[in-house]
Every structure is written in C-alpha cells, then in structure tokens.
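Worksheet for the structure shown next.
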Amino acid sequence: MTPTIDYHAFAPELVLTGTIVLVLLVDLVLEGRDRTLVSRIAALGTLGALVPVLTLGADGADRTMFGGAYEVNNFSLVLKAFFLIAAYVTILISVDYIREGDYHQGEYYFLILVAVLGMMIMTSARDLITIFVALETISIPTYMLAGWRKHDARSNEAAVKYYIFGVLSSAVMLYGMSLLFGVAQSTLITEVASAVAEFDDRAIVIVGIAFTIVGFAFKVSAVPFHFWAPDTYEGAPTPVTAFLSVASKAGGFVALMIVVYYGFFAASDTWQPLMWVLAALSMTVANVIAIQQTNVVRMLAYSSVSQAGFMLVPFAVAAESAAAAESAFQATVVYMLIYGAMNLGAFGVVMAVARRTRSGEISTFAGLFSYAPGLAVLMSVFLFSLAGVPPLAGWFAKFVVFRAVLDAGTTWAVILGVVAAVNSVIAFFYYAGVARQMWFQAPAVEDTSPIRIPGALAAGVALTTAVVLVIGVYPEFFARLGELTTR
Amino acid sequence: MGPQNVAFGIIAAAMIVGAIRVVTTKVVVHAALYLVVVLAGAAGLYVLLAAEFVAWAQVLIYVGAILVLLLFGIMLTRAPLHPSSELDNDQRWPALVVSLGIAGLLIAMLADAFQDDKVRITNATGTGEIADSIFNQFVVPFEVVSILLLGALVGAVVLARRDD
Amino acid sequence: MYLNQYLFLAAVLFCIGVYGVLSRRHAVLVLMSVEIMLNAVNINLIAFSVHIQEVSGQVFALFVITVAAAEVGVGLAIVILIYRNLASPYLDQVDSLKG
Amino acid sequence: MEWFDSWGLTLAIFLPVAGAAAILVVPRADEATQKLVALLFTGATLAVSIGLLADFDYDRASGLQFEVNKSWIDVINSRYHIGLDGISLPLLVLSAVVTLLCVVYSWDHFPEPHNPKAFLALMLLLETGMIGTFAAQDLILFFIFFEVVLLPMYFMIGVWGGPNREYAAIKFFLFTLFGSALMLLSFLALYFKSDPHTFDIVALSQPGVLEMSKGVGSLIFAGMFLGFGIKVPMFPFHTWLPDAHTEAPTVGSVILAAVLLKLGTYGFIRVALPILPDAAEDWAPVIGTLAVIGIIYGALACLAQTDMKRLIAFSSVAHMGFVMLGIATLTDFGINAAVMGMVAHGLITGMLFFLAGSLQERYGTREIARLGGLLKSAPRLGWILGFTAMASLGLPGLAGFWGEFPAILSAYQPAAALSEVWFRVFMVVAAIGTVLAAGYLLYMYQRVAMGAVPAEWEDAHIHDVHTPEWIAWTPLLIGILVIGIFPALIFEMTDPAAQVVTKVFGG
Amino acid sequence: MLATIAQSLLAEGEHVVDSVGEGGHEALEAASWILQQGWLMPLVPAVSFFAILFFGKRLPRQGAEIGLAAVGFTFLWAVLSAFEWIGGSAVVERSTTWFSNGRFDIDVGIHVDGLTVMMFVVVTTVSALVHVYSLEYLRGDQRFTYYYAALSLFTASMLNLVVADNLLQLIVGWELVGVCSFMLIGHWWEEKPNSDAALKAFLTTRVGDVGLMLGAITLFFAVGTFNIEAINQAALSDGIRHGLLLTAACLLLLGVAGKSAQFPLHIWLPDAMAGPTPVSALIHAATMVVAGVYLVARTYGVFFEGFSIDSGGINLLALTGGVTLFIAAALAFVQHDIKKVLAYSTVSQLGYMIAALGVGAWTAAVFHLFTHAFFKALLFLGAGSVSHAAHHTFDMREMGGLRKYMPRTFWTFIIGTVALAGIPPLAGFWSKDEILLGAKEGDFGTILILGSIGAFMTACYMGRTVFLTFFGEYRGHGTPHESPGLITVPLMILAVPSLLIGLINAPGIEKFNDWVAFHVPDVTFHLEHHDFDPGLALISTVIAVFGFAVATWVYYWQKAPKGLLERQPVRAVHTFLEQKYYLDHIAVSGIAAGTAGPIARGTYWINQHVIDGIVNGVGVATNRFLAPFTYDVLDQELVDGMYDDIAGATSAVGGLLRKAQSGLIQRYALVLFAAVGAGGAALAYLT
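Protein chains in written order, with our numbering: chain R, 228 to 714; chain W, 6 to 169; chain Z, 3 to 101; chain D, 83 to 589; chain L, 13 to 699.
Listed below in structure tokens is the structure:
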C-alpha cells in the first residue's frame, strides 16, 4: 500500500520545511557576515507558509490521511495560521535582540522554525506517535533556545529546568500512552476514543489518560506542573520567553484538545475532574504568587500560568452536553488566539523598555508614561487586556470561557466560573501593579529621553496592538474562527 | 515454566538490580556501567518477545550512541572516579515514598487490567513489516523526526561549543 | 508468559527511574534515570505490541528511542553549559531563579 | 430627521472617542489645541445630546427611540442594539453636560502632573463609556461600555490624584471589576436560560423568554446585584468610594459622583428589574434594607469626617441609598424618584465636588477644621456652597428634594408582592436620614463658610469664583434650580418608561 | 386700612362663603378676579428675590427698593383680596398639573379662602413694615442686599405656604421659610453662637419636618392626593381609617411642633433671636412660626377626627398647646434678654393657638394668630427700637428709664404689651378670651386652667419687661435717643391694629367668624361658635390685670437694687415685708414672686439642661460618639478593614505559596510525581 500524499494538504509544512533548510544553508553561506538576512527569510517563510493555509481554508474540505493519523480540518488550519503568525511576530520582536546580542542568528531562527513545524504537525496529528513526535519537535528546540544566552548562568538554568521537567513529563506521558496503546490496540486517536469508551477495566484507562494529560499539562504549564515556567521564563532570552509562553503553550493546548476532544471524550469522568482541579489550581495559585513578583517577566510568567488556567476552564466543563462541548472547544481556541496577541505584545513592549532600563524589574517601569507615553499606553493596553478589561480583546477571551462554563451550567461548572471570576479580579492587581509604576510614579531611570524602538519590534507590537484593539471592539472575527473549528 | 520464563527471570532480575544500582551507586562511572545492564536487558527482553528489529535498534542506539554520549557527559563534567557521598540529595526518603507509591498504583492497576493474559508470540515481527508501517502510516512523524534530529544536532553543537 | 510479567517489570523500572530522578544530584545521573524510565515505556510498548499483534507499538518504541537520543544529546549540551558556567554538575546548585 | 434618528445616538456615543483619538494626534506641547479639540468634541457631543432631547418624542417616552439594531457579534447573538427611552435620556444628557463642564473647569488648572493631553483624552474616553452604557440595549454591549469607564477613571485617580492615590485607584478598580465579573456571569446565565438565546435587553424583558426556577433566577440576580451594587455603591460595598473620591482630582470626583455611580442604579432599572422581576421581588427587601442602612450609615460617617471631600463622598453613599430605596419599592413612583435622584445627585454632588476642588486649590487643604469664613473671604463661593449644600440636603424647590421625597413617599406603598410593614420602617428610617443630611451638610457649611476667617488665612488672598468656574458651574446651578421648580422636566420623560418597567410588579 | 375693611364689613352685612366648585376651574365664575390671581402673591417676591440677588448691589439702595416694591405690591394685593373676599367672592381653587408621577398627578395650585386672605394680610402687612423698618435698622450692614433678598424669598415662601392647595406645595413653602429663617438667624454668622443658633433652628424644625413629610405621605396614600380640601373631605366623611388618621395627625403634629416651637421642640426659638430683630418680628413672631398653627387650621379635618376633638377631655393637640403655653410663660420670667422674653412669650402664645385648635376653637385660634401677629410684631420691633437706641444691647439690665428718651417707642410698646396681656378692648383680649371660652365650652378643664394661669403669667412677665426697660433709671452706657421715623412709623402703624383689630370679633360685631371659617364643601361639619361669655371675659380680664398689678408691685414699686430679685427672690420678699404699707399686696406679690421664681427657674433649668440637653445631647452624641463609631469602627475597621484583610490574606497566601517555588528542580519534580501518583490514584480508585 503506497500512501497517497495530498501535497496541497502538506503545502504549509513543506514551505516551512523548505524555509528551514534555506535558513540553514543561507546561514552557512553568510558565514562571518551580517546575518539579518536570515531573519528576513525566516519571517518570509512563515508568511509564505500562510498562503497554502489560506488556500486550504478557502477550499474548506477536511482532508484525512494515513488511515486517520493525520487530518487537515478547519481546526488545524486556524491554528496553523495562528502558529505561523505567532512565529512571525516572534521573529519580528527577536530580530534586534538576537542581532545585538550576537546570539547565533542563523541557528536561532532555524530552531524557532523547527519548533513551529512541530506545532504545525501537532494541529493535524490524530495519532499518539505523531502527537508525541510533534510535541518533542516543539520541545527539544525550545529547550535549547531557553539556554541560548550561553554565557548567562540564568539562561543555562532556564534551559536545564525546562529540559528536565520536559523530559520527565514526556516520560510520564509516554508511559500513559503505552497503556492507552495496550488498551486501544492502536495508536490512532479514533481507536483510543472507542477504547476508552468501551474498555471494561477503568483503572488502566484512567491512569493512561491521566498520565498522558500530564505531558501536556507540563507543556501548558498548569499547576502543579508549572514549576519550570517562572524560572525558565525569567532566565530565557525574552523573545524566547514570548515564544514559549505563546506558541509553545498553544502547542500544548492543541495537543490537549486533540487528545481530550478526539480521544478521551467518552471518559469525561476521568479528565473532567482532573481539568477542573488543574484549572482552579492554575488560576488561583499562579495569581496569588504573581502578586508578589517584582520582575516583570516573572510576573508575566505567573500570569501566563494563570491564563493557562483560564484556558483549561472550558475543558473542565466540556462534557456536560454537545452544545457545551462545542462552546468549550471554541472557547479554548478563541482564548488562545487572543492570548497570543496580547502576550506577545506585552513581551514586545517589555523588550522595548528593557532597551533603556536593561532590567526586568517592575520598578524600572516607573514613570515610563512621562518619558515614553506611547510605550506606557501600549503596555497598559496589553496588561489590561490580559486582565480582561473591555474594550480590549482580553474581555472576549474571558467571556467565551464564561460562556462555556454557563453553557454547561452544572453546579461544579458555576463554581469554577466563580473561581475564575474572582481570579480575574486578583489578576488585575498585579497587572495594575505595572501600570501603577508606569503611570503613577516618577521615572526611575536617569535618561528620560524618548525610547527609540527598532522597526521590526515596532511592527510586531503594532500588529498585536491592532489585534487587541480591533478584536476588543469587534470580536466577531475571532468568534467566527472559533466557530469554524467546530464545524 | 519454560525456558523463556527462566530467561525472563534472569534478565528481569539483572535489569532491576542494574537499575537500582544506577540510582544508588556512589560512583558515577559505575552508574553508566549498570545502565548498560539495564539497556542490554531491555534488548534481551525484546528478543524474547521476538521484536528483533527493535532489539537491534535498542542495542545500536542506546548502547552505541546514548551511552557513549552519557560517558562523554561524565567525563566533561569531571565526575570523580571514586565513591562520592555527594551524589544523592536530601530528598531520598520522599523520593522513595513517591516512587513506591507510583509503583503500587501501577502494579495494582496492571494486575487488575490484564490479570493472567498471556503473551502469544506467533512469529517474529519482520523488519519489513515495521518499515511498511513507518512509511505508510507514520511517514509524517518519520520525516519530522529527521528534522528534529537535525535541529537537535545543530542546536546541541551551538550550545556545546566554545565561542571564544 | 504472562503479559503482566513485562508490564510489572516495566512499572518497577519506571519507578526506579523516578526514584533516581528525584534523588540524584548529578545531572548525568538524572539523565540516566530518565533513560531507565523511557526504557520502561518501551518495554510496555513492545509487550503490548506483541501481545495484540499490532506493529505500531514497535514503531512507537523506535520513535521513542530516536527521540530519546536527540533528547540526551540536547540534555548533555545543556549540562555542559551548566558545568561551564557554574563549575558544578549538581542540579541542586542550580537554584538562582526562584520565588 | 431620518438621518438623525438612526445616526444621532451612535454619534453621541462615539464622538468623544473620536475626540480622544484626535487629541492623541495633537503634539504634546500644543496644549491649546488639545483643549480646543476636547472642547469641540464634548461640545459637539452635547449638541447631539440636546438634539436627541429635542427630537425625542415625549409621547412615546415609554419605548425606545433612536433605536439602532445592527449585527455585531453574531456568534453569540449579541447585537449593536442601542436606543433611548425616558429613563436613559436624562442620564445621557447629564453625562454630556457634566463632561463638557469638566473640560471647561479644567481649562487652566489641570491637576499635577499636568499633561492635559492624556487627561482630556481619558475624559473623552470616559464620556463614551458613560453615554454608551445609557444607550446600550444589549447586555454585552452594556457590559462593554460599563467597563470602558473603569480604565480612564483608574488612571485619572492614579495619575492626577492625591497622596494616597495608588491605593484608591486600585481599590476602585478591584471592587468594580469584582462586581462586573460576577455580573458578566449573570448575563451569560441569562443568555443560556433564554429561548432563543439572546443578550437583547428588550427581548429578555419580555415575559416567557426566560425559563428557569426561582432559585436560579435569584442567583442570577445576585450576580447582577453585586455588579451594580458595588458600582452604586451600596453598603457594605461602598468603601472604595470615599477613598476614590478623596484622592481623585476634582473633575474625576465630579464625573465619578455625577455619572459613574449612576451606572449601577441605572443597571438595576434597565437590566435587573425588567429581566428578572420575580427575583427582584425576592431581593427588594434586601436592597431596601441595605439602602436605608446606607442612608443612616453614610450620614453618620459624614458627621465624623474631617475632610471635606470625604464628607461629600459619604454623603453620596447616603444619597444613593435614597435612589436604591426608590428602586427597591419596585413601583413606578419609586423608579421615577430614583431617576430623579440620580440626575439631582449628579448635578448637586458634582457641584459639591467642584466646590471642594476649588477650595482645595485655594487653600491647599480640605481639612474642615482649618477652613472657615469662606463667606467672608470669597462670598460668592460661599453662597454657591450654601446653595448647593441646601440642594443636597433635599430642600424643596431644588432638585435634591425630588429625588429624596418621592423615594420616601414610594416606600409607603411598595409593589404588591413586598411587605408594607418593612417598607414603612424603611420609610421612617429614610426620613430620619434627611435630618442627618441636614445635620452634616450644615455642620460642614457652618465650619467652612461661616465664622471669622481663621488666622491662618487672614492675609491670604482667596480668589473668588473665576471665569472658567462660572462657566462650568452656572449650568449646574441653573439645572438644580430649574429641575427643583419644574420636576416635570424629568418626570415627564421617566414616568412612562418607569411604568413600563414596573408593570410586571402590578404597579 | 383696617378701618376701611371695617367700613366695608359694616356695609356688607353677613358674609356667606360660596360653595366651592368641584374641579376648581368651573368655580372661577363666582370668584373674584383678584383672588384668582393669588398665584401672584408668592411669585412677585420670588422674582424680586432673584432680581435683588443678581442686580441688587448695583442699585442705589442696594436692592432694598426692589424688595419694597415687591412687598408693597403683595400688600396692596392682599388688601384688595381682603376687600374682594369680604365683598363676597367665592373660594378660589385653581390648579394645574405640576408633574405626573406614577399613577398620580401632582398639582400645583392655589386655594384662596378666608384663612388664606387673612394670612395674606398678616404676612404682607408685617413683611412690608419690616421691610421699611429694616431700611434704618440694618443701614450700613455689610450684607444689606442679601438681607433684602432673603426677606423677599421669605415672603415668597410664606405666601406660597399659605396659598398652597396641596400638602406637597405647602411643604415646599414650609421648608423654604425654614431656610430663610436659617439664613436670617445666621445673618451675622461671623459670631459662632449666631451660626449655632441658625443650625439649631434648622435642624430642630427639620426633625419636625420628618413628621410632616411622613404625615403628608400617609394622607397622600390614604386619600390618593395631596389636595388639602380632598384630605379634609375624606377625613370628615370617614373616608380614612381612624387609626391612619390618628397616625397622620400625630405625624403632622410633630411637624407643627417643630415649626411652631411647641414643647419639646420649642428650644430653637429663643436661640433664633440671634438674628436681626426685624427678622425676629417677621419670622419668629408673626409669620413663620405660626405656619404650624396654620397647618393645623388648614388640615383641621385630620386633627379633628384624628384626635376626636369633639369628644372633649384632653387630647395630644390640646395638651401640647397647654403644656407649651404654661412652660414658655414661666420661662419668660427669668430672661434678661428682652428678645428672649418676647420669644418665650411667642412660644406661649403659639401654645394658646395650638391649645385652641385642640379644644375645637378653630376660629379662636385663627383669630389669636391674627391679632398676635400684629402686637407681637409690634413688641419685637419695639424691642429692636430700644436696642437701636441703647447701644445694641438686648439685656434689660442695661436698660431702664427709656420711657423718657423714646416716648414713641414706649407708648407703642405699651400698647403691644397691653394687647398681649389680654386687657380689653385691645386685640389680645378678644382672641384670648375666645380661646378660654372654647376650652370651657368644649369641656377642656385642663386647658381652661392652664390658659388662665398663662394669662396671669403673661401679664406679669410683660409687666416686668416694661418696667425693667422703660421705668426706673437708665442703667446702660451713653445717652439713649428716640429712633428715627423709619423705625417709629412702622411701630405706630402696628399699634393701630393692636389696639383695634380685636373688635372685629367683639360681641355685636363678630365678623371674623364669618370671614374666616373652617368650611369643607360637601361635608356636613360644623364647628360650634360660642357666644361671648361676659363672666369669663371678666374673669380673664381680672386675671390679666392682677398679673399686671403684681408685676407693677414687684418691678415698679420696689426699691431693691436692680436684678437682685431675679437672683434672690427670698430677699425680695424680705424687702417687701419691710414695706408694711403694702403688706397685703406684698404678701401676694411675695408668694407670686416666691413661687413663680423657683418654678420659672426650675423650669428653665429643666429646659436648658434636660430638654435642650437631650436635643443637644443627641446632636453631640451623634457627633462625638455615634458618627465616629460608625466611621472609625464600623466603616474603617470592620467593613473597610475586611476588604483590606482579604487583600492582605491573599498576599500572605501568595507569599507562602511562593516558597514552594524553591528554585530546586528536583523539588519541583517531586511535586510533579507526587501529583501524578496521588492524582492517578485518586482518579482511579476514588471515582
């Protein structure tokens, strides 16, 4: 049996792979010279890969291959587009940081693109092996990227923590997957789905599901599998942190959505309580710790853990009804899209500010409004969007989560909803803490001339700002994308 | 009790002892040697299960590549060749409790699930069969893994080499 | 042979690996423990694969082995970085980021 | 004017935000242009509002006018549905007036750290939020506008506020955010309990659209109660208010008192009562109880104040208690009183905060004990303060009375489902509250305005009312007087709409 | 002017009140045009108020001319109205919808009947004279303009109060006169006692206003309208449950007690003397303080039925009046401040009026209100004249002998005193006599006795005042002089009605009964009118004369040093005992002084320390204890503290959880595996 390969379906990945190879080659050719060209190629590659995504989307048909192991549907297309754009923005905000730090530009973009390839594959993976490989393809390059500032002990520390936590989690996940394989007698997610519904002995199914979810819970940094995240985020180069907190985390969520909705759905009595606990813990624990932070990146790290908690909320209520499942599915997608924009934007501004302050301490943001009002306003926009304050896009993210909660409508769901509501208030406290420094305090730096922002970084921030503002006022666009994923 | 079971018993005992030594020995290099026992034992088990291709792969990749890498690691970090009491940290007991707990959970669960199911070994899994499977159903992960390996290689080189 | 012979062995190995990961200070020893855990997974996969006569389990195991190789390579690179900057291979000395 | 009917309201909502954008374009150093742009846009907004007022068909004040119903977020069936009825119209005009006056008042004394560009932009942003809230007829749209006011006010307090501004700003924000988060949950619950699923306020208010048990309805109401009650603010959620007011810059306090607090009470009237009448009946005694506690409690707290602004802030707690009492009766009379109370409180307390701000500017302190002899040093300021204090204590013939007295009146005979005995107790307590109101206001007035000029200020030159102040205050003072004499100006609008709201309660 | 009225009344003969039309508007045919324009009465001074406020300072007389013109107009209009009314106009009922609220239309309107017209006359006359008087009295005052503005506003508010056809509109006027009172008492607010007095007056009356408001609300819901006539109709035709009516009456009485300074809310009135004297004459003697009496008279149906006045015995209304008239009279004895004497006297006289209403003597009460306004205004203005002469003091200990220096003031003051004391044929006699008659005929023995004692005391303390002020030697500084014409002419004008006005209800004439009567259309309700009782008249005259005589003996003939008697009545008795020639008289006076003194003192002490103490205490306790408790303990500690504690606790938990982020990777891993094990076990074996 020779597999028939639908090249249109693979076109985005092929373009991306081509770019990966090209980046490597160009890097070799440019030995010793200015390598900004590499970043251009990488950026163009992500945009180029977007083209077939759009044509596939225009085509609209679901494409299933390899006996169901690989599927290109609306869900995967929306997320492929998301990953590509997130990668594009990541590259934009990386350019000057990486160049100025002389951090092996060619390899840097190469690894970013490899990780993105993993994400692209993940969106279509419907098979335990493919999911595992895709997950590792996301993880392994990012382990290294976290340690990319080789001479900085903190960066090394970030890498080693991320790495060890990642390997352990994937070991646990693999053990779970091996059990599921034993139960389902296949690695196909569809087979797993029927197996978890029918298999008589629940314990093994439960342990299999739970262990598998651990692997993704690590990836999305859900409490109590989040410990790596603050340390890694703080230590890693800032653009890498942005990438980790958005794209890599989203990759975890995509995997989680695939295994939960396509695979484990029938065993909701197992994963729903698990998700409930993970969601509640992530939101609450991360929030109360975040209040105590003094470093903006670390604060954003805890914030991203808490945001992950919000994204997990829909999972915890998904199985109450078909409608609730649909709401929940869309909620996670929409949340991811919006979260991506606002978090990338926030990191972009942090980097812009750090160009002046050379520090990540929140106190160095003091008085930003007085000498860089534009950056202060933008940072506020992103922070308050993260806090979910209308009319910034974040409100809609929170909204769809609440919608999923109430669509389920059970007592447990409502309790989780209230926990989420309370947490959105607590979260405001630390987001506002930064805003407070920027707006209410006198400048902490001596040089208060306006901050010059490099073009690429500005473009990245502008793009995310536009998304945050437009989607805040007219969320219909993302809502439709979300709706598309459940068609 | 057939010869297979005897073989299994010996291999299993060796593996468990080896594994325990890996996690308890006071000499770093010894740990690597005990790890060889474990890895080779695993290969033996695969042979017992007539999964020969995997067994070879296990020997080649693990013993041939991974172990070598680990030994490099030991050398590059200048691990002492004599017994050292500094190899263990202060959370051995909690670690023991947790690992025993997980072991208990897993064994109870497995005992429940598969009780006295027997492994039926009809015939050895052919390499061709595996290749078919890889290049039919798993061509995507295969390709991706190749890129992943490339990435890991390039990245590891960048990280490990001295810039100056 | 009982299927559970293999599965139990794998479970025990897995937990020994867990113990090693948790109790060893030396980074390379931790990596070794992780390898034990991955081997346990592979034993599971192969045993199931043979038991249910489904070859994909073995393919899975092959992927695990391959990826493990990549992981170890990357891991060692990181360990060397650490060692270079901290002059120590002990993980509990890598604790400057916390709180 | 067909064009105006369909676009006027949208124009009123978005003109200010366009103004904010325009100000952002103006270079930072060019303050004159910034002020001009702000004046232009607030003026235009007011002109549009007055156009709405003029074009409003008073014979159909019970229904929505200037209605626009366009698609917005189809996926959740939330639409850009705006419209005005007799309840929202006066509040909308109030918002437009107050914002314009605040721009005028700020003309040449922006609080530290100056920066008129940001200050005016925030003010305009606030205006959009306020006007939008009063116009929204869709729960999500309402929620958005309701929240839009938060950030500008947060920054106004935090950047231009007093010494303890950070605490006050974050407290303000956290309280409101907490309420609105639960409110959003309630809105969503309504959405799912309605058939067909909708966020449309008008549709949800129709009987039979919502199907649910009494308990669920009550729970949903509780969420909204928190959301709106915190904003009002009702006892015991009021503690953010004194801090916010004390620290906020003058115009911040004015806008906060004049309009922002009304968003909560308006929410009760527009959203909570019509959509969940059964739950409202269950909750009305609670609301009534908290309202009268607020009246007495606020008044007593006022008496203990040494800071003038804080005193006025606590007086807001008491006054909003009257408004809430009116609402709690679930009668048309009570709703009318509540809306009147909102408008009157908006004018009067807004004016009081203006005065407090002007005093602080002149004396550099708001310590009542240090002030004195204002009537001597700056007689006009003193008389205006006296006039406003009289209005605030509910003197008949001035606007405040028509918020207070009808509210007390309405408690005599609450809606059929409510306990008459309880509400008569409320009535008596509220009436006693009017004495206390007179007490604290006159006590304050005596110490601030009467008596000899303290030695501290004997040689100080206390400037009497100056031109921007005259321009900013005159409309408010005239409003207080005119509404006091012709309450029908407001009641004419509110009454038909109030009857619609309370029809379900057998009013 | 009053003479002309008298003429017209003699010509007209019997006056009959036309029946009132149903909706007001239909009845206009029969009503006079002048009366129909009753709305002008409050409007003109209101306009004048704004005119003075905005333009007054620019005018040559600083706005006084506008006030004078306005009040002159209202006075003329009042006189014309009186003519028209006496000429047989129907009652005017005009109203228009003020606003619609809920199911109810709230009207604004005028109701002009005899009572209204009488109040027109009283208010505008006194107001006009006070306007003139103040030109001199407040000459050069730094807030002259504002003073006139306030007078205008007061006149407007008071006229609105009396012309109102409904309770709500009445309340508006009621509160506004309160504010004017506040403004004018505190006119010289530089001195703290003045502003204290203003606050006290406002707040005390405001306590009463709670009752008024709640009473009005009760009646509103009982009848469905604020319209007073409708309320009276309903009350008198059993349209309202008696319990409700009693409640409403009690609530309204609270308001009345506040405004008309009835026990125990009378305490503000003496303090209110801090204001300029013409203001005291206008507001705190003639007009505003009678608003309470007016209210009772206006809504008499409610009180009559609510308190079951026709059943005799005693009721709360009569009792309030009786107690007040007695206590206040006793208090008047021990004052050194001439204005305070007059203030207590006013309280006492208001007590008479309330008592009269309580015993069903409606006409007597209203008639007393009418006469009292003139002579009490006269007395106050006289006191002002005295003070104007005697270096702005009101302390009688610094006066004396002024008879010689200011004869016009003296004689007019004497007329006022005699009229107040109730000696025929002056005004006060006729009205007070009618009250006592009403009490006797209505079978209210208590009131009769209290009223008679009060009459004695009134004559006695007024005698004391006159003697201390005008007789003996001058004890003050400088040389007193007669006041200028702007002051004395109003005194003389007021002296005329004080002398004569009582005659309009003298036996044989008795026109007042016809002009001003309590009449409710469509209801069979008739207040009995009692014929003049010569016996009672004689007794009351004797009592008054006797009181006066006692005062004469005590204060005129005694040679004791000034003020000694006030301090040591016993020594006074001793002094008098030495004067054997007047032994019997002295014995009587000694008893009088000996008992009246301690009683008065005791009452005063109780007044100052207990009642005032309670009132002040409530204020102080609220201010010093309750308010700080609410704020500091309840609000800041408990409520606000709770929120802060929540925030603090969240933060503390954060701090604790933060410790778990130890930075040690294997600690993290331990948690990971522990969670995996525990979670897996829990899920697998607990669910």
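For each residue, glycine too, the CB sits at the ideal point set by N, CA and C.
For residue i and residue j, what's the separation of their Cα atoms in angstroms?
i         : j         : result
L/Arg-679 : L/Leu-669 : 14 angstroms
L/Pro-492 : L/Thr-421 : 12 angstroms
L/Gly-631 : D/Ser-397 : 18 angstroms
R/Asn-650 : R/Met-510 : 6 angstroms
D/Leu-393 : D/Thr-431 : 11 angstroms
R/Val-716 : R/Gly-479 : No answer is possible for residue 716 of chain R: the residues shown for chain R start at 228 and end at 714.
Z/Asn-44  : D/Asp-277 : 54 angstroms
I'd like to confirm the pairing. Which residues does DSSP put opposite residue i in its beta bridges?
i         : result
D/Tyr-162 : D/Lys-152
W/Lys-123 : Z/Tyr-4
Give the secondary structure of residue i by DSSP, where H, G and I count as helix, E and B as strand, and everything else as coil.
i         : result
D/Leu-292 : strand
D/Arg-448 : coil
L/Phe-406 : coil
L/Asn-113 : strand
R/Asp-634 : helix
L/Ile-17  : Here the model assigns L/Ile-17 a pLDDT of 37, short of 50, so the residue's position is not dependable, and the following value carries that caveat. Correct three-state label for L/Ile-17: helix.
W/Asp-95  : coil
W/Ala-37  : helix
L/Gly-121 : strand
R/Asn-522 : strand
W/Arg-83  : coil
Z/His-28  : strand
D/Gln-219 : coil
Let me check understanding here. Comparing Cα to Cα, which of the options lies closest to residue i?
i         : options                                       : result
L/Arg-487 : L/Phe-85, L/Arg-409, L/Trp-280 and L/Ser-93   : L/Arg-409
R/Ile-678 : R/Pro-600, R/Ala-444, R/Phe-629 and R/Asp-634 : R/Pro-600
L/Asp-543 : L/Gly-520, L/Thr-424, L/Gly-559 and L/Val-562 : L/Gly-520
D/Phe-469 : D/Pro-195, D/Tyr-445 and D/Leu-524            : D/Leu-524
D/Val-535 : D/Phe-487, D/Ala-542 and D/Gly-454            : D/Gly-454
Could you say if the segment 469 to 481 of chain L and the segment 425 to 434 of chain L meet the contact criterion of at least three C-beta pairs nearer than 8 angstroms?
yes
Assess contact between the segment 233 to 249 of chain L and the segment 176 to 194 of chain L, defined as three or more Cβ pairs (one per stretch) separated by less than 8 angstroms. Is contact present?
yes
With a cut-off of 8 angstroms, do at least 3 Cβ pairs link the segment 549 to 560 of chain L to the segment 326 to 342 of chain L?
no
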